[in-house]
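Read through the structure below, which is laid out as structure tokens, and then see the notes.
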Amino acid sequence: MKTLFLNPNSSEEITATLRRHIGRCGWPADRWEVAKVDDAPRIIGTASQNAEAEAALERALPALSNGFDRVVMMSSVDTGYDVAHRLFGDEAYGFTRSVLAQHRRLGQQLQIVTFDKAMTALYASTVEATGHRAVVAGWTVVDRLPAAVAAQPSLALEELRTVCRDLARTSMHPIFVVGAVGLALTDELRKDGMTGLVDPVADLLGWLGSA
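If you want this note's numbering, it's the position in the sequence shown, counting the first as 1, plus 10.
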């Protein structure tokens, strides 16, 4: 089975980050690819940008997915999942819903961390749509725009470090920093010795392997 991991925005940096994290997990290189949607916004940071990305994805998906058996929408809010589901049925997946499904299968709850308070309603609707709301033990927002996180990662890292330290002291549940913008940040926290952070890409691949 060949899998397309699709970044529904047009950022080459995020696409490269996704490719690197999937590659380190050891999947055979000829069984997957990562692509982006060139006509989509560079970063999805608002509901209107999410809608714009979905429209671009709907136009691009038939050509991008040619030759693939399944597709995974690699967005924190699973942008374009419904579009992919219409084309691929049960072989359409979303990044966030797959992580939640994997931890539900494992009987674990999560503390989730998202970015940008203005996006919380969109995140909440995404989580509700997955059917895995019970997996979420708690929710913390780092109120920084995704574009600002990408532009000034060192500032975002310090905010995230404080949040995760507080959660580690007050909660027994693993911490899931949602979305591609959090992957590099959580890597830095792990390098500094912080524990209790889930590896969402490994969780995603674990879920795909069990599906």
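Note that the Cβ used here is the ideal one computed from N, Cα and C, for glycine as well.
This one's a predicted model, so the numbers in the text were calculated from it and none came from an experiment.
- Here the region 131-141 makes no contact with the region 158-165; the two share fewer than three CB pairs at distances below 8 angstroms.
- In the pairwise beta carbon analysis, the region 76-83 is classified as not touching the region 169-182: fewer than three pairs are separated by under 8 angstroms.
- No Cβ-Cβ contact shorter than 8 angstroms links L165 with A57.
- In chain order, T27, H31 place their CB closer than 6 angstroms to the CB of L193, counting only its own chain and leaving out the 5 sequence neighbours on each side.
- Counting the other Cβ atoms within 10 Å of the Cβ of K46 gives 16 or more, which makes it buried.
- Using a Cβ distance threshold of 8 angstroms, V187 and L177 do not count as a contacting pair.
- Between V93 and E62 the beta-carbon gap is near 13 angstroms, outside 8 angstroms, which marks them as no contact.
- Counting the other CB atoms within 10 Å of its CB gives D213 a total of 16 or more, which places it among the buried residues.
- Looking at the DSSP output, T180 shares a beta bridge with no other residue.
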